[in-house]
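For reference, the structure is listed below as structure tokens.
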Amino acid sequence: MHRNNQNMKQGDKLLKMPGKLDRGPIEFKSRIVESEGGVMAIATREVISVPPTMSIISAIETMTEYGFRRLPITDAGTKRLRGIVTARDSIDFLGGGDHFNLVRVKHNGNLLAAINESVREIMTQQVTTIPHTASIADVTEIIVTKKIGGLPIVDEEEVLTGIVTERDVMKALATEETDIMVEEIMSTGLRVTGPETPIGTVTREMIAHGFRRLPLVMDDVLYGIVSASDIMKYLGTGEVFKRLSTGDVAEIMALPVRSLTSGELITTVPDANINDAALKMLQRKVGALPVIEDGRLIGLVTEFDLVKAFSGK
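In structure tokens:
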């Protein structure tokens, strides 16, 4: 018990450190738009969506299986967009924010019972969308100004016709050569946490501060990086159930966050060109790169940072 308290105190301190079961139907929606705008040239048209009646666990399993950070929720009959569930919603549900009341209050902390509630209980209903006639510039403007990582594309009847993400826009814009260096656009003054910090503490920090990821630092050395998707996959792969003996969510949220990280750490350096950084992200399918100098973490560059830089916003 004393050791666990020490870990939590360490995590709280490090977070303030500045740093240099029923799956249900899955719908595959493919639609050719008669009058296309520029966005459809970079968007995903074969959109996987699920109905609001699908269970939370099945929705998270779907996202994990396909490597999604967001999943549109549509009516089974009309295919009209009703909401979206994201990796952030999943960590909110696991203990990060208001969605956790579904577990803590309604099901008295029993995760096994709560995960079979319908996904409508945790989905975001007020979704920012764009029309299929939008330009890439329109999408970029919304992503940069509203800090939204992905936008469902709908037609005049609110039927889902595609989805476009930060990664899609970054890929399109990164074809333009630039002499901008990573150090010019990276985020600094980072919040970090330690590898022994409980998962529950990390989820609360992510939701409270709007983070998608947190670097793990121990003795001034970067140990890894944990993202909202990593935590979601913990549930979606079924790994959480191997560690769950009582059904109480507190049991698994007390485990150290290091148990969620892989051994591979993909980084960049401050004098790297942002075109090279974008290419590395695309090749390795990661949303951020820790920036390392002299063996120390000095910053973080994300897909959002790159979209903003390439667009000149």
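Be aware that the sequence shown starts at 1, since it is given in full-length UniProt numbering, and climbs by one per residue. Here a beta-carbon is modelled for each residue, glycine too, at the ideal position from N, C-alpha and C.
In chain order, what residues of the same chain lie with their CB nearer than 6 Å to the CB of residue i, ignoring the 5 residues before and after it?
i, result
"E36", "The predicted model places E36 with a pLDDT of 38, which falls under 50 and marks its position as unreliable; any figure quoted below should be read in that light. Within the same chain, E36 has no close Cβ partners at all."
"T129", "P152 and V154"
"A113", "H107"
"G38", "S135 and I136"
"V119", "M54, I56, A59 and V85"
"I207", "D92, G96 and G97"
"I180", "I274 and A309"
"A76", "P51"
"K280", "none"
Does DSSP put residue i in a helix, a strand or coil?
i, result
"V221", "strand"
"V127", "coil"
"I148", "coil"
"E205", "helix"
"T165", "strand"
"T140", "helix"
"R258", "helix"
"R104", "helix"
"K29", "Its pLDDT being 41, under 50, K29 is placed unreliably in this model, and the value from its coordinates should be taken loosely. Correct three-state label for K29: strand."
Based on DSSP bridge pairs, tell me the residues matched to residue i.
i, result
"M181", "N273"
"V154", "P131 and L160"
"N110", "D248"
"R70", "T86"
"S55", "S118"
"S227", "R213"
"T193", "L216"
"R45", "R45 pairs with nothing; no bridge assigned."
"residue 324", "For the chain, the structure presents residues 1 to 313; residue 324 sits outside this window and is missing."
"V39", "Note: V39 sits in no beta bridge, so no partner."
"residue 317", "Not covered by the structure: residue 317. The range shown for the chain is 1 to 313."
Can you give me the Cβ contacts of residue i inside the same chain, cut-off strictly under 7 Å, excluding the 5 residues immediately before and after it?
i, result
"V127", "L81, G83, I84 and P152"
"E176", "F310"
"A277", "V182, T268, L289, V301 and L306"
"L173", "V307, F310 and S311"
If you drop the 5 nearest sequence neighbours on each side, which residues of the same chain put their C-beta closer than 8 Å to that of residue i?
i, result
"V103", "F93, L94, G95, G109, N110, L111, A114 and V249"
"D168", "I42, A43 and T44"
"G312", "none"
"T124", "G83, I84, V85, T86 and D89"
"Y66", "I48"
(message) Check whether the stretch 251-263 and the stretch 284-294 are in contact - that is, three or more C-beta pairs closer than 8 Å.
(response) A contact between stretches requires three or more CB pairs, one per stretch, nearer than 8 Å, and the stretch 251-263 fails this requirement with the stretch 284-294.
(request) Spell out a yes or no on whether the stretch 91-111 and the stretch 228-247 are touching, meaning 3 or more CB-CB pairs, one atom from each, closer than 8 Å. (result) In short, these stretches touch, since the Cβ pair count reaches three.
(message) So, does the stretch 132-143 touch the stretch 54-68, judging by three or more C-beta pairs under 8 Å?
(response) Cβ pair count under 8 Å is below three, so no.
(request) Mind the definition here: the stretch 241-259 touches the stretch 188-205 only if three or more C-beta pairs lie below 8 Å; say whether that holds. (result) The stretch 241-259 makes contact with the stretch 188-205: 3 or more CB pairs, one atom from each, lie closer than 8 Å.
(message) Could you tell me which whole alpha helix (DSSP H) segments of length 4 or greater appear in the UniProt domain "CBS" (260-313)?
(response) Segments of the alpha helix (DSSP H) lying fully in the UniProt domain "CBS" (260-313): 274-284 and 303-311.
(message) For the stretch 181-196 against the stretch 208-217, do three or more pairs of beta-carbon atoms, one drawn from each stretch, fall closer than 8 Å, so that the two count as touching?
(response) A contact exists between the stretch 181-196 and the stretch 208-217.
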